[in-house]
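Counting in our numbering, the final residue of the sequence shown is number 473, and the numbers go up one at a time with none missing.
Working notes, structure below.
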Amino acid sequence: MTLWHGRFGDGPAAELLAYTVSLPFDRRLAGDDIDGSRAHVRGLARVGLLTAEEAAAVLDALDRTAAELTDGTFELAEGDEDIHTAIERRVTELAGDAGAKLHTGRSRNDQVATALRLYCKRELGRVAERVLDLQAVLVDRAVEAGDAYLPGYTHLQRAQPVLVAHHLLAHAWTLARDVDRLLATRTRLDVSPLGAGALAGSSLPLDPDGVAADLGFAARFENSLDAVSDRDFVAEVLFNLALLAVHLSRVGEELVLWSSDEFGFVRLDDAYATGSSMLPQKKNPDIAELARAKAGRLIGQLTGLLATLKGLPLAYNRDLQEDKEPLFDALDQTVLGLGALTGMVATLRLDTARMAAAADSPYAAAVDLAEFLVVAGVPFRRAHAVVGELVRRALDGEAAFADLVRAHPDLGAEAAALLEPGVAVRRRTTPGGAGPAPVAAQLDRMRTRLAQDRARVAGDG
Ligand code: ARG
């Protein structure tokens with residue numbers, strides 16, 4: 013039986029049900045739907061629309077339904093088009109007439125929006141926690157890397173040496189902004205839509221403020237039309253996850269490069285790499301590659317939802333049911349990806365000798381020579397040209413770069429010493445820079461930030 017059987021002569025066509033049911037995917041809202049119903053029932057009791065006995069009976073039926081859903085004994089019936097319908101049907105079976113009062117003053121429109129917001133609130137915290145876990149691993153690896161350095165790149169050309177720790181922490185700071193966005197979205201979506209009804213509120217003396225407080229929402233909706241049709245929060249979650257996926261994709265791309273024989277900067281742990289079915293010598297960075305690829309999938313989910321929302325007239329439209337699959341899939345992929353990538357980063361071996369060898373080209377310290385001249389009073393643009401000319405002459409085969417530097421009247425032995433391995437990176441001393449002194453300070457700040465963000469995720473920051 014449908015929820016609307018009174019108005020309809022015939023039952024629904026099989027094709028309609030096959031096309032419109034959302035039960036296979038919205039089952040995961042079961043717990044949140046039940047929480048929403050509990051608060052709704054308590055609200056109805058507070059305003060006298062349910063007696064204390066009726067409320068107790070419905071709450072008891074909700075508890076039993078929740079237990080059946082958890083232990084797998086919940087039985088679906090024909091006409092259960094979504095989890096919300098199924099739960100209400102079961103509660104009515106269990107609690108009789110009192111159960112039939114559950115939907116008083118409520119529509120699936122405000123009911124679904126409520127469950128989905130409760131779900132997102134919790135899931136955003138869960139994702140943020142896992143991002144923090146990856147950041148913590150990056151910090152551990154940064155500490156372990158000590159004063160090891162590698163080439164910093166621009167245009168994927170070697171540019172200047174940077175501490176390995178600095179490079180790893182760059183990703184940790186990027187992820188800190190992801191955590192920030194996840195938590196900001198969690199705050200913004202912390203609004204209860206329950207009491208908006210189908211679209212216009214109710215003639216019954218409902219108590220949306222009390223229900224919002226009961227559910228732990230920070231506020232209730234201001235406008236019933238907006239409350240049932242707003243899916244900004246889903247779009248925001250998808251954006252946050254898509255951008256996070258883009259960031260994980262960049263980490264993945266670096267790990268693909270770094271684990272290649274050409275770079276040889278890292279060796280992957282066996283447990284976090286794959287082999288080849290044909291080539292016995294191969295060890296492949298599949299996690300990193302999938303981290304790269306999944307970004308495409310998540311970007312698609314975001315753009316898909318935006319296209320779904322675009323042009324929808326107020327208020328609820330069935331189109332909105334299409335918000336769930338991309339949301340659930342994006343969350344699943346994010347959680348799986350973070351787990352895999354975190355393990356991969358935690359277990360890989362850094363080949364700091366290879367990294368240093370790649371960074372130790374004397375040309376990597378060319379700007380240090382220009383700055384040596386700057387300290388002596390030479391305008392930077394002229395200093396740049398002087399050093400650039402020496403680089404060109406060395407590359408043309410006239411002499412080794414260091415010899416040309418030593419022989420130059422304005423440079424000499426003191427300047428040539430700047431080209432020695434490991435010197436340039438130690439000279440990066442400015443705040444936020446790539447040398448040991450600022451990186452030590454940066455590590456402290458990242459540790460503080462992680463502790464603050466852990467507290468914020470837990471809700472006390
Ligand atoms: N499963 C639907 C959804 O997620 C439930 C809402 C259907 N509401 C309606 N008025 N037809 O949007």
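Glycine included, each C-beta is placed from N, C-alpha and C at the ideal position.
Residue from Arg232, Arg40, Leu260, Asp192 with nearest C-alpha to Gly222: Arg232
Gly389 classed as buried or exposed, judged by whether at least 16 other C-beta atoms fall within 10 angstroms: exposed
Euclidean distance between Cα positions of Pro36 and Asp363: 48 angstroms
Spatial neighbours of Thr286 in its chain, beta-carbon cut-off 6 angstroms, leaving aside the 5 residues before and after: Asn296, Asp298
Own chain residues within Cβ distance below 6 angstroms of Ala254, not counting five before or after: Leu310, Ile311, Leu314
Spatial neighbours of Glu248 in its chain, beta-carbon cut-off 8 angstroms, leaving aside the 5 residues before and after: Thr197, Arg200, Leu201
Beta-bridge pairing of Ala231 - partner residues as DSSP gives them: Val203
Residues that Arg40 bridges to, as DSSP identifies them: Partner(s): none; Arg40 has no beta bridge.
Rounded C-alpha distance that separates Thr186 from Arg134: 23 angstroms
Own chain residues within Cβ distance below 8 angstroms of Leu130, not counting five before or after: Asp44, Asp47, Gly48, Leu227
Any 3 or more C-beta pairs closer than 8 angstroms across the region 111-120 and the region 55-67: yes
Alpha carbon of Asp465 to alpha carbon of Pro325, nearest angstrom: 39 angstroms
N-terminal and C-terminal residue of the beta strand (DSSP E) that Thr166 is part of: 161-166
Continuous beta strand (DSSP E) stretch holding Ala171: start and end: 169-175
Pair within 8 angstroms by beta-carbon distance, Leu118 and Gly209: Here residue 118 turns out to be Arg, not Leu, going by the sequence shown. Yes.
Minimum length 4: unbroken alpha helix (DSSP H) runs contained in the region 254-322: 298-321
Whole-angstrom C-beta distance between Ala377 and Leu431, which should lie under 8 angstroms: 5 angstroms
CA nearest to the CA of Leu146, picked from Ala125, Gly23, His183: His183
Where Tyr31 falls, given that 16 or more other Cβ within 10 Å makes a residue buried: exposed
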